[in-house]
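What follows is a single structure, written as structure tokens, with notes after it.
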Amino acid sequence: MKIRILEKIDQLLKDRKEEIKEARKDGIKVVGYLCCRVPVELIYAHGMIPIRVGNAAPTHMALGKEYIHQFTCPYIKSVVGEFLDETSFYHKNIDIITGSVICLTVSRALEVLKAYTGKPTFPIHVPQLPPGNEETVYFTREVKWFSQELEKQTGKKLDKGKLLESIELYNNIKEDLEKLYKTQSKDGSPLTWPQLFRLIHAGFLLDPQRYQTLLREVVEEVDTLGIQETTENRARIMLSGSPVLPMDNLLIDTIEGAGGRIVTDTLCTGIRTFDGLSIEEPTIEGIASTYLHSCPCSSAQDPDIEKDRRLDHMLKLIKENQVDGVVYYCLRFCDPFAFKDDETKAVLAKKTGTPLLPIHWEYGDSYGSLWTRVEGFMEAIEIKTKR
């Protein structure tokens, strides 16, 4: 079913790029950030424009290989390549670079970008152990430092009123995304997960006020269309693993084309952009605590697998969304997710009996082999559910 409002996205994104160019002429700085643990509320409160960077363009990955080690994941190669492509929007329009350092390749990417672009670059280090008092103190110090560096860039102190407004705006965005996520998972929903995923990616670039208006329009249209009766009975799939970026639609299209229906995810470019990130205390400390206690990715270390927050989050979503199978997407050389695919598969098998298909991938790999594996997985799920 078509969602009329979603047809606006391409034009909105095109217009937004022109708006950003004009804003920079007025002295407004643009901050390009990596990872969902960068507190965008702070960037916006400082009067800057936050843009989440990254796409899966093979040309940018090829360029990135010239500047960063070959045993680096395609995501980081493509980010480096796009920043260093003198014709790209990022290269021309991003003034400041930041990222939460959740793995060594992000850290190295920030070093390379600082060296070759000369742009101010601010790495935000994230504790790798479960959040306790020491981890909270450490991360709060990192977020305070980041805010102070932004103050130096603007020449203005952080305004508490602006911070409150920014937090309220982003909380509203997260609330609407949560509503849409719950709706798309239902059988007969007028909204699909791929549509919502595209909508989330639009928020990486759009002005947050315009984005909230867009989300409200989508919520209203989806509510008006309502849940439809359906006899469709496709395998309900969770997509988990490495970041899935704009232009990286092959796996999504393959799952949907092979008879599966994605109903949820654990991606840092999906549900983790809002899940558990509603900020209740409008202070630096409140921001730091919220981001630190949100669901971690595989880069986080937990010596007690029975208390692993990442796995608990997966199990919770599997139950809530009646997931039949998990497709575990692991970009080549993405060590945090590669090292934990067997562990994840074993825990799911033990606790829920949910099958997991690991897909190790490089941008540009063979579509044929991907289709064969995904189709076989869907058939196996279908046989199992019929039994």
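Numbering follows this note's numbering, with no gaps: position 190 of the sequence shown is 191. Positions of the beta carbon are idealized from the N, C-alpha and C atoms, including for glycine.
- Rounded to whole angstroms, L371 and Q149 show a C-alpha spacing of 46 angstroms.
- Residue range N134 to T155 is occupied by the alpha helix (DSSP H) that includes T137.
- Going by DSSP, I50 is part of the beta strand (DSSP E) stretching over I50 to R53.
- When I125, D16, L130 and L64 are compared, the shortest CA-CA separation from Q302 is found for L130.
- Here Q210 is exposed: its Cβ has fewer than 16 other Cβ atoms, across all protein chains shown, within 10 Å.
- Shown here, A46 sits in a helix according to DSSP, grouped into three states.
- Leaving aside the five residues that flank Y364 on each side, the residues in its chain whose CB is nearer than 6 angstroms to its CB run, in chain order, A57, P59, M62 and P75.
- Relative to D254, the option among V32, S186 and R199 whose CA is nearest is R199.
- Distance check between K9 and each of Q196, G258 and Y368 places Q196 closest, using alpha-carbon atoms only.
- Its Cα nearest to that of D276, the residue H314 stands out among I29, G162, H314 and L206.
- Taking 8 angstroms as the cut-off, the Cβ atoms of I95 and V31 count as close.
- Boundaries of the alpha helix (DSSP H) harbouring S290: I285 to H294, taken from the DSSP string.
- DSSP places I168 within a helical segment (H, G or I) once states are collapsed to three.
- Using a Cβ distance threshold of 8 angstroms, I6 and I168 do not count as a contacting pair.
- The C-alpha of R333 lies about 41 angstroms from the C-alpha of E230.
- For T291, the closest alpha carbon among the candidates E112, E136, H92 and D27 is that of E136.
- If you look at P124, you'll find it in the beta strand (DSSP E) that goes T122 to H126.
- In this structure, DSSP gives R38 a state outside helix and strand, which the three-state scheme calls coil.
- Between the alpha carbons of I382 and L293 lies a gap of roughly 36 angstroms.
- In this chain, the alpha helix (DSSP H) harbouring S108 covers L105 to T118.
- About 16 angstroms separates the CB atoms of L105 and T122; that is not less than 8 angstroms, and the two are not in contact.
- Unbroken alpha helix (DSSP H) runs of no fewer than 4 residues, entirely contained in the segment 167 to 209, are found at 194 to 203, following chain order.
- Cα atoms of E20 and T345: separation of roughly 43 angstroms, rounded to the nearest angstrom.
- The DSSP-derived three-state label of P359 is strand.
- Shown here, A236 sits in a strand according to DSSP, grouped into three states.
- Linking D160 to I285 through their CA atoms gives a straight-line distance of about 12 angstroms.
- Beta-bridge pairing by DSSP links G242 to Y330.
- Between the segment 226 to 240 and the segment 35 to 48, the count of Cβ pairs shorter than 8 angstroms is below three; the stretches do not touch.
- Taking each of K145, G133 and G156 in turn and checking the Cα distance to I29, the smallest one comes out for G156.
- Residue environment: S243 is assigned as buried (16 or more neighbouring CB atoms within 10 Å of its CB, all protein chains considered).
- Leaving aside the five residues that flank R235 on each side, the residues in its chain whose CB is nearer than 8 angstroms to its CB run, in chain order, G260, G261 and R262.
- Here K15 is exposed: its Cβ has fewer than 16 other Cβ atoms, across all protein chains shown, within 10 Å.
- For T99, the closest alpha carbon among the candidates C296, E87 and V80 is that of V80.
- Between R311 and C331, the C-beta spacing is not below 8 angstroms.
- By the Cβ-count criterion, A203 is buried, with 16 or more other Cβ atoms from all chains shown falling within 10 Å of its own Cβ.
- Taking a 10 Å sphere around the C-beta of W146, we find fewer than 16 other C-beta atoms and assign the residue as exposed.
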